[in-house]
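2 protein chains.
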Amino acid sequence: MRTAEREGRGRVPAHPEVGDVSLQQVLEALVDPVRRGIVRELYASDEDRACGTFDLTVSKSTATHHFNVLREAGLIRQRYVGTSRMNTLRRNEIEAVFPGLLDALLARGEA
Amino acid sequence: MRTAEREGRGRVPAHPEVGDVSLQQVLEALVDPVRRGIVRELYASDEDRACGTFDLTVSKSTATHHFNVLREAGLIRQRYVGTSRMNTLRRNEIEAVFPGLLDALLARGEA
DNA sequence: ATCGAAGTTCGATGGTGATCATACTTCGAT
DNA sequence: ATCGAAGTATGATCACCATCGAACTTCGAT
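Protein sequence lines, in the order shown, are assigned to chains Y and W.
Just so you know, we're using our numbering here: the first sequence kicks off at 1 and counts up by one.
Just so you know, we're using our numbering here: the second sequence kicks off at 112 and counts up by one.
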């Protein structure tokens with residue numbers, strides 16, 4: 001198999017199993033308001049979203065950093081489509097491992 | 112009224128309304144594993160607990176700092192009894208403002 | 001009135017993480 | 001084959017925060 005490891009540009013980035021991620025890591029990911037904003041947008045839209053389509057207040061390189069942190073915490077799944085990197089919330093997996101967490105964090109309209 | 116402001120040593124420390132605390136502040140309080148351990152013990156015991164009775168891995172001065180952070184985030188209530196400072200979880204108030212949050216964070220046996 | 005127990009206060013320190021600019025890569029479109 | 005758009009990599013900077021020790025305060029008990 002050759003194509004399985006590639007999709008778009010470069011290697012497919014590492015996506016841990018949500019069950020292998022510690023609560024500590026998840027909280028460290030979600031304590032940042034920019035990242036919580038990303039998760040909130042994904043939670044609301046329920047569609048693939050390219051990194052560039054988010055309403056972010058930080059530079060592109062910082063945005064890349066935040067998306068990486070979210071992916072490594074098992075919160076989002078990323079894949080390439082052309083030059084765009086599409087993002088989805090791993091909602092069901094998160095709910096299975098951390099039941100109620102996303103709802104509790106996103107319930108209020110807060111950033 | 113004179114005694115209302117005093118109870119045990121010094122002034123009664125400031126306890127914000129939970130509704131006035133931002134989710135950001137609550138998360139910043141709960142992202143620290145030592146503080147989450149304190150909350151977990153309070154959640155399990157459901158009784159007043161003196162600071163010194165907790166199973167903490169840090170020095171006394173650091174412990175004081177952590178309890179202060181939790182109080183200022185609206186998560187615990189503190190009062191003096193003799194030289195001891197007793198702590199309770201503000202469970203109902205937290206549940207009213209951030210429903211499901213404590214359960215989601217403390218569900219797993221994780222620190 | 002003394003002593004110890006329980007916390008507090010006060011700097012100092014060290015590590016971590018968010019941020020940015022710059023340079024670079026990769027892809028699609030022309 | 002070139003160009004621009006979308007992101008990535010890298011290195012630097014900066015602020016914040018957890019941590020500690022040492023000195024201090026306050027209270028109850030003797």
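Every residue gets a Cβ at the ideal spot worked out from N, C-alpha and C, and that includes glycine.
Given the structure is predicted, the values throughout are model-derived calculations rather than measurements.
By the three-class DSSP mapping on this structure, what secondary structure does residue i have?
i, result
"S84(Y)", "strand"
"R219(W)", "coil"
"A50(Y)", "strand"
"L102(Y)", "helix"
"L134(W)", "helix"
"L200(W)", "strand"
"T64(Y)", "helix"
"V129(W)", "helix"
"S156(W)", "helix"
"P124(W)", "coil"
"V150(W)", "helix"
"L70(Y)", "helix"
"V34(Y)", "helix"
"V169(W)", "coil"
"A207(W)", "helix"
Which same chain residues, not among the five before or five after residue i, have their C-beta less than 6 Å away from its C-beta?
i, result
"H66(Y)", "V34, R35"
"P16(Y)", "G74"
"V26(Y)", "A73"
"R196(W)", "C162, Q189"
Among the options, which has the Cα closest to the Cα of residue i?
i, options, result
"F98(Y)", "G220(W), E206(W), R202(W)", "G220(W)"
"S45(Y)", "N87(Y), A104(Y), S22(Y)", "N87(Y)"
"L42(Y)", "A104(Y), E95(Y), L89(Y)", "L89(Y)"
"L105(Y)", "V21(Y), G37(Y), S22(Y)", "G37(Y)"
"A218(W)", "A111(Y), A107(Y), E95(Y)", "E95(Y)"
"N92(Y)", "L102(Y), S59(Y), T83(Y), S84(Y)", "L102(Y)"
"T194(W)", "A161(W), V137(W), F165(W), V169(W)", "A161(W)"
"Y191(W)", "V142(W), D143(W), D159(W)", "D159(W)"
Which residues in the same chain have their Cβ closer than 7 Å to the Cβ of residue i, if we skip the five residues on either side of it in sequence?
i, result
"R135(W)", "The amino acid occupying residue 135(W) in the given sequence is Gln; Arg does not appear at that position. None."
"P124(W)", "R182, Q189"
"G19(Y)", "V97"
"A29(Y)", "R35, V69, L70, A73, L75"
"V132(W)", "A184, G185"
"F165(W)", "I149, E152"
With DSSP as the reference, please indicate the residues paired to residue i in a beta bridge.
i, result
"I187(W)", "L200(W)"
Using a Cβ-Cβ cutoff of less than 8 Å, which residues in the same chain neighbour residue i once the five nearest sequence positions on both sides are dropped?
i, result
"R151(W)", "L217, A222"
"V58(Y)", "V34, H66"
"D143(W)", "H177, V180"
"T64(Y)", "C51"
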